[in-house]
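Below you'll find the structure, written out as structure tokens, and then a few comments.
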Amino acid sequence: MARATTPLNDTQIKNAKPKASEYLLSDGAGLGLRVKKNGSKTWLFNYYRPHIKKRAQISFGIYPAVTLAVARKKRDEARALLADDIDPKEYREKIQSTKATEAKSTFEAVATEWLTLKEPKVSKRYAFNLRRGFELHLFPYVGNVPISKLSAQLTIEVLKPLAAANKLDILNRICRRINEVMDFAINTGRIQSNNLRGISKAFDSATHTGMYSFPPHELPKLISIVNSSNIKLITRCLFEWQLHIMLRPGEAVKAAWDEIDFENKQWNVPADTMKKKRPHIVPLTPQVMSLLEYLKPITGHRKYIFPAYGNPRTHLSRETLGSAFRRMGLQGRQTAHGLRALASTTLNERGFDYDVVEAALSHVDKNRVRAAYNRTDYLERRRKMMCWWSAHIEAASKGDYSITGSQHLKVV
Numbered sequence: 001m002a003r004a005t006t007p008l009n010d011t012q013i014k015n016a017k018p019k020a021s022e023y024l025l026s027d028g029a030g031l032g033l034r035v036k037k038n039g040s041k042t043w044l045f046n047y048y049r050p051h052i053k054k055r056a057q058i059s060f061g062i063y064p065a066v067t068l069a070v071a072r073k074k075r076d077e078a079r080a081l082l083a084d085d086i087d088p089k090e091y092r093e094k095i096q097s098t099k100a101t102e103a104k105s106t107f108e109a110v111a112t113e114w115l116t117l118k119e120p121k122v123s124k125r126y127a128f129n130l131r132r133g134f135e136l137h138l139f140p141y142v143g144n145v146p147i148s149k150l151s152a153q154l155t156i157e158v159l160k161p162l163a164a165a166n167k168l169d170i171l172n173r174i175c176r177r178i179n180e181v182m183d184f185a186i187n188t189g190r191i192q193s194n195n196l197r198g199i200s201k202a203f204d205s206a207t208h209t210g211m212y213s214f215p216p217h218e219l220p221k222l223i224s225i226v227n228s229s230n231i232k233l234i235t236r237c238l239f240e241w242q243l244h245i246m247l248r249p250g251e252a253v254k255a256a257w258d259e260i261d262f263e264n265k266q267w268n269v270p271a272d273t274m275k276k277k278r279p280h281i282v283p284l285t286p287q288v289m290s291l292l293e294y295l296k297p298i299t300g301h302r303k304y305i306f307p308a309y310g311n312p313r314t315h316l317s318r319e320t321l322g323s324a325f326r327r328m329g330l331q332g333r334q335t336a337h338g339l340r341a342l343a344s345t346t347l348n349e350r351g352f353d354y355d356v357v358e359a360a361l362s363h364v365d366k367n368r369v370r371a372a373y374n375r376t377d378y379l380e381r382r383r384k385m386m387c388w389w390s391a392h393i394e395a396a397s398k399g400d401y402s403i404t405g406s407q408h409l410k411v412v
């Protein structure tokens, strides 16, 4: 019968002196204290590896940094792993490897890698604003968090100040960018799934959802959905009008025939129509002129280009297109206001001047002088940009019926 091992005590361990050769003081159940010739004392755990039944050894650390009580706790944890056929040494190495990977894969590290890949594809100004958003609103708060440990709860808490300050556009953009980084992390093997996918929904009760939009590469899909839907002709025309001209829904529906300068190919928008209550000029591209020519025999005798169905003496509601999107099943994916976001994102990513894009959107930056928006030089630069945008839309409509494109001439 094997003799039972007498457990060690603190006095015995403390008084253990070095000898001519190293020796082991056993505590029982595989735990021992190795005393080296130089006097150092190391906790060791001896065990048989699961499945292959070969003897193995794992260190629990150096005494007195690791006390007898802590060493025994580590032994008990190792024995619990062995009871489940898990090798404690391999388990510890896996944990250490995971921690090392997490240290290299913090949210800031992964986001910075994503930004590095993204920035060459967009304009310098857009890239600057993109990085600045992360640096201001995310990195100081969750930058050091391993991306695999970044929770929806923590992220939402970090973003709440933006919602409280009513910075809704920034909040929506930040939510989209976070999800792009998380998708990048999935594709590069850092995480298995994106648990932040629904963070924007936490703010639905406090914010509008006006910025929902298809990503730029899905523009053909959006056009195809609209063109295959059962919506009224004037609503279909309104969709193409608003997509091309990039103004707000409440501005787009108020277009009047007497505001169109056919000779100079521009829409002179009165201040009362604009949200910012200042006049605005929209250059009209060949595709938009084609749309107006198409509508002339239909609504040209009315005041408004898009007269209301129930009362043609007034214009369609700003909610008309949004309601149509919802009937198409696009709720939470595309809104009328989101068409502006789609245009802005596409144009910025394609390298168009940020200020020219902002001018086309009729945005006002309080930190900049915007009196030059309607000067000849800005107007011409906007015209060139909007011609590119209209051509881009027409190309995305290939294979679908597009009123603004030449294809409508073939439709009977």
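Following UniProt numbering, the numbering of the sequence shown begins with 1 at its first residue and continues without gaps.
Note that beta-carbon positions come from the ideal geometry of N, C-alpha and C, so glycine has one too.
Nearest-angstrom Cβ-Cβ length linking residue i and residue j, presumed shorter than 8 Å
| i | j | result |
| --- | --- | --- |
| residue 144 | residue 106 | 5 Å |
| residue 138 | residue 246 | Not confirmed; about 29 Å, so no contact. |
| residue 58 | residue 89 | 5 Å |
Secondary structure of residue i, DSSP reduced to three states
| i | result |
| --- | --- |
| residue 125 | helix |
| residue 271 | coil |
| residue 280 | strand |
| residue 145 | coil |
| residue 193 | coil |
| residue 51 | coil |
| residue 214 | coil |
| residue 41 | strand |
| residue 313 | coil |
| residue 34 | strand |
C-alpha gap between residue i and residue j, whole angstroms
| i | j | result |
| --- | --- | --- |
| residue 359 | residue 123 | 16 Å |
| residue 253 | residue 350 | 28 Å |
| residue 274 | residue 197 | 35 Å |
| residue 392 | residue 96 | 51 Å |
| residue 380 | residue 296 | 26 Å |
| residue 368 | residue 355 | Low confidence applies here, because residue 368 scores a pLDDT of 42, under 50, leaving its location unreliable; read the following figure in that light. Spanning the two alpha carbons is a distance of roughly 10 Å. |
| residue 195 | residue 142 | 15 Å |
| residue 251 | residue 239 | 13 Å |
| residue 227 | residue 242 | 15 Å |
| residue 81 | residue 87 | 7 Å |
| residue 18 | residue 38 | 6 Å |
| residue 348 | residue 272 | 29 Å |
| residue 395 | residue 311 | 35 Å |
| residue 83 | residue 76 | 11 Å |
Under 9 Å between C-beta atoms of residue i and residue j
| i | j | result |
| --- | --- | --- |
| residue 218 | residue 114 | no |
| residue 229 | residue 318 | no |
| residue 325 | residue 255 | no |
| residue 30 | residue 46 | yes |
| residue 215 | residue 335 | no |
| residue 16 | residue 44 | no |
| residue 118 | residue 130 | yes |
Same chain only: Cβ atoms within 7 Å of residue i, ignoring 5 sequence neighbours per side
| i | result |
| --- | --- |
| residue 147 | 105, 106, 107, 110, 185, 190 and 191 |
| residue 10 | 68 |
Nonlocal neighbours in the same chain, by C-beta distance under 6 Å from residue i, ignoring five residues either side
| i | result |
| --- | --- |
| residue 85 | 50 |
| residue 199 | 152, 155, 156 and 175 |
| residue 383 | 283 |
Close-in-space but distant-in-sequence residues of the same chain around residue i (CB under 8 Å, 5 per side omitted)
| i | result |
| --- | --- |
| residue 133 | 170, 173, 174 and 177 |
| residue 225 | 328 and 330 |
| residue 309 | 232, 234 and 316 |
| residue 390 | 244, 285, 286, 287, 288 and 404 |
| residue 372 | In this predicted model, residue 372 has a pLDDT of only 43, less than 50, meaning its place in the structure is not dependable enough to derive any value. |
Residue i at chain D interface by Cβ criterion, 9 Å
| i | result |
| --- | --- |
| residue 74 | The chain labelled as chain D is not found in the depicted structure, where only one protein chain is given. |
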